[in-house]
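> Residue numbers (the UniProt record's numbering): 1 to 63.
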Amino acid sequence: MSTESRRRLVWHKSSYSGNEGGECVEIAVVPGTVHVRDSKDADRPHLSVRAAGWAAFVDFAAG
């Protein structure tokens, strides 16, 4: 993903994440792909996964 494309992503952090922890992830969703990054170091590279893989991860994590 190009630097310009990365700038256009709209990142979201959970409302459950407080401002004091620094241990949060942010996600940006585009059709078919979910991008995940560390909220405390947003300039580092991010992870991109297919939407179906992200949904499976969330289902697993939710128990």
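Glycine residues also receive a C-beta, built at the ideal position from the N, C-alpha and C atoms.
Does the beta-carbon distance from Gly32 to Ala55 come in below 8 Å?
Cβ distance not < 8 Å, so Gly32 and Ala55 don't count as in contact.
> To which residues of the same chain is Ser48 closer than 6 Å at the C-beta, ignoring the five residues directly before and after it?
Excluding sequence neighbours, Ser48 sits near Thr33, His35.
> Report the CB separation of Val25 from Arg37 in whole angstroms; it is logged as a contact under 8 Å.
Val25 to Arg37, Cβ: 7 Å. Contact.
> What residue does the alpha helix (DSSP H) around Asp59 start on, and which one ends it?
Start and end: 51-62.
> Would you mind reading off the limits of the beta strand (DSSP E) that contains Glu26?
Per DSSP, Glu26 belongs to the beta strand (DSSP E) from 25-30.
> Just curious, the beta strand (DSSP E) that Asp38 is in, first and last residue?
Run containing Asp38: 33-38, per the beta strand (DSSP E) assignment.
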